[in-house]
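Residue numbers (the working numbering): 1 to 553.
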């Protein structure tokens with residue numbers, strides 16, 4: 001079974017990065033031996049023999065070696081940081097693509113605050129896999145080389161740093177294991193706090209209207225109290241781990257100097273050899289600290305990355321493309337379609353519905369069961385999959401089409417919608433400059449141009465950037481209607497989209513739909529007399545079933 005960190009390194013690191021990192025690490029560690037060996041020569045040979053020419057030559061060589069080592073470290077860091085940047089970009093692209101193509105029911109299983117936290121994990125991954133973890137892995141073999149050099153110079157002295165490294169590793173892993181529980185609790189409370197803040201800000205108008213400030217403040221204080229306790233334990237654990245590493249670094253050098261001094265007194269090694277061994281122990285502790293820090297961060301990121309992996313593992317609605325989709329005429333057919341909410345164990349909401357709607361036909365669906373009507377429109381909009389049965393467009397099963405390609409041909413207008421941050425014209429034209437003339441024509445047809453003319457910024461008025469829009473609900477609804485229709489869809493689905501419109505705007509919308517039905521198939525959920533008068537057929541949805549015979553106009 002492949003270790004998790006090995007699998008992650010294989011995913012994040014290109015082969016060329018592996019090669020350059022291994023070669024760079026080899027020469028960096030090789031050059032790091034230069035100064036300890038030079039110091040040993042100074043104490044044992046240069047000072048006793050007063051060989052100043054040799055000292056100058058060695059000093060120049062050591063300075064050159066240090067400069068080369070610095071340049072190699074900078075180059076290695078730049079290469080690995082670039083590899084990490086590309087991996088972060090790749091993950092963010094996949095995650096957002098999955099989020100955009102996930103079925104609606106999957107997306108709605110988690111709220112917006114958690115989704116933001118999941119994408120925030122990408123920042124935590126920055127500069128880790130290649131620039132920290134892989135370099136730490138490459139440093140492991142050179143620890144053995146350093147111990148061999150210490151053993152060659154100081155004999156049994158190498159046992160001191162070896163034993164201390166083992167003890168330090170054991171206690172560090174023990175601390176890291178304990179820290180995992182604190183980190184999981186901290187992440188849980190952070191997610192709850194983010195969800196709470198987003199929910200409050202999204203509904204700030206209701207909060208102010210109901211005078212809920214004090215109630216929400218007390219709830220936030222309770223969340224903060226629990227979160228602060230977890231933050232405290234997490235910070236204490238991190239500080240203790242750093243203190244532990246500093247203690248072992250210091251005590252290892254002290255013990256090495258003490259034991260080495262005894263060996264020098266006994267004549268088992270020279271003073272220069274002791275100085276070199278002390279420097280080599282410092283070199284051993286540095287990569288060991290890097291290895292422990294990398295493992296500590298990897299343990300933390302493994303917990304955090306579970307949030308991102310939940311996005312990367314999302315089911316997506318991507319399928320094999322079927323030719324001929326661009327020629328969509330707008331014929332709709334449902335064959336024995338049934339639906340219920342599987343996760344809720346609900347009864348059948350739609351039961352064995354069979355329906356055929358010819359192209360460029362206007363159909364109204366009436367009934368008191370709003371859940372069933374909305375579920376039917378969600379299926380027609382490909383937002384929801386039927387539990388059983390087939391949904392066909394122009395005689396072809398939609399399961400064989402790319403879902404996003406189908407949705408480009410369908411306009412789905414619900415009772416409520418959101419404006420995107422941008423100008424009013426950008427929202428009207430769906431952020432497509434080539435559709436601006438069409439958006440203006442629709443605005444004129446619905447009378448929206450007269451309202452916009454009264455605004456100081458006109459079509460350039462910024463919208464969608466406030467918790468509560470300053471525009472009336474009817475105006476927002478008109479913008480949403482135009483934004484949906486501006487792409488000239490072949491199928492138009494209306495879920496009581498005219499609820500917040502006044503009589504004049506409703507009549508204008510009916511006139512526009514009467515024009516659009518010459519090129520589009522229109523399905524309307526409404527009991528309005530004006531809407532029903534526009535319809536070619538009316539169906540009644542009762543107990544999850546459509547009437548067998550439509551009420552023909």
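Beta carbons: idealized from backbone N, C-alpha and C, even for Gly.
No experiment lies behind these values; they were computed from the predicted model shown.
Compute the Euclidean distance between the alpha carbons of residue i and residue j, then round it to the nearest angstrom.
i           : j           : result
residue 59  : residue 12  : 41 Å
residue 383 : residue 393 : 15 Å
residue 145 : residue 300 : 30 Å
residue 172 : residue 99  : 38 Å
residue 268 : residue 282 : 22 Å
residue 63  : residue 14  : 33 Å
residue 374 : residue 208 : 31 Å
residue 410 : residue 213 : 42 Å
residue 296 : residue 169 : 11 Å
residue 19  : residue 313 : 31 Å
residue 89  : residue 30  : 34 Å
residue 265 : residue 271 : 9 Å
residue 40  : residue 67  : 21 Å
residue 121 : residue 311 : 11 Å
residue 33  : residue 221 : 56 Å
residue 355 : residue 337 : 9 Å
residue 495 : residue 353 : 19 Å
residue 216 : residue 187 : 21 Å
residue 44  : residue 17  : 41 Å
residue 529 : residue 421 : 36 Å
residue 247 : residue 235 : 18 Å
residue 445 : residue 378 : 28 Å
residue 203 : residue 210 : 11 Å
residue 456 : residue 194 : 36 Å
residue 433 : residue 534 : 32 Å
Counting along the chain, where does the beta strand (DSSP E) carrying residue i start and finish?
i           : result
residue 492 : 491-495
residue 128 : Residue 128 -> no beta strand (DSSP E), and no H or E assigned at all.
residue 32  : No beta strand (DSSP E) contains residue 32, which DSSP labels as neither H nor E.
residue 390 : 388-393
residue 309 : No beta strand (DSSP E) contains residue 309, which is instead part of the alpha helix (DSSP H) from 271-312.
residue 525 : 521-525
CB-CB under 7 Å to residue i, same chain, minus the five flanking residues each way: which ones, in chain order?
i           : result
residue 532 : 364 and 538
residue 517 : 360 and 362
residue 544 : 348, 349, 350, 351 and 372
residue 323 : Only weak support exists for where residue 323 lies, its pLDDT of 49 falling under 50; the value from the coordinates is given anyway. If we look at residue 323 and ignore the five residues flanking it on each side, it has no Cβ neighbours.
residue 483 : 427, 428 and 430
residue 118 : 307, 308, 310 and 311
Tell me where the alpha helix (DSSP H) around residue i begins and ends.
i           : result
residue 80  : 52-101
residue 257 : 213-265
residue 403 : 403-407
residue 136 : 135-154
residue 373 : 370-380
residue 442 : 436-446
residue 501 : Neither: residue 501 is in no alpha helix (DSSP H) and is coded neither H nor E.
Count the other C-beta atoms from every protein chain shown that fall within 10 angstroms of the C-beta of residue i, then say buried if there are 16 or more, exposed otherwise.
i           : result
residue 95  : buried
residue 132 : buried
residue 134 : buried
residue 182 : buried
residue 287 : buried
residue 167 : exposed
residue 305 : buried
residue 380 : buried
residue 245 : buried
residue 546 : buried
residue 331 : buried
residue 228 : exposed
residue 261 : exposed
residue 454 : exposed
residue 240 : exposed
Once you ignore the five residues that flank residue i on each side, which residues in its own chain have a CB closer than 8 Å to its CB?
i           : result
residue 257 : 274 and 278
residue 28  : 69, 72, 73 and 76
residue 485 : 411, 442, 492, 512 and 516
residue 251 : 164
residue 460 : 423, 424 and 425
For residue i, which residues of its own chain have a beta-carbon under 6 Å away from its beta-carbon, when the five flanking residues on both sides are left out?
i           : result
residue 447 : 508
residue 160 : 255, 256 and 259
residue 527 : 366
residue 112 : 198
residue 339 : 349, 350, 375, 386 and 387
Below 8 Å on the Cβ atoms is my guess for residue i versus residue j; work out the distance and round it to an integer in Å.
i           : j           : result
residue 427 : residue 475 : Not a contact, Cβ separation roughly 11 Å.
residue 487 : residue 430 : 6 Å
residue 480 : residue 413 : 7 Å
residue 451 : residue 458 : Actually they do not touch by this definition, with Cβ atoms about 11 Å apart.
residue 25  : residue 139 : 6 Å
Taking 7 Å as the cut-off, is the beta-carbon of residue i closer than that to any non-hydrogen atom of the ligand COA?
i           : result
residue 539 : No copy of the ligand COA appears in this structure; indeed no ligand is present at all.
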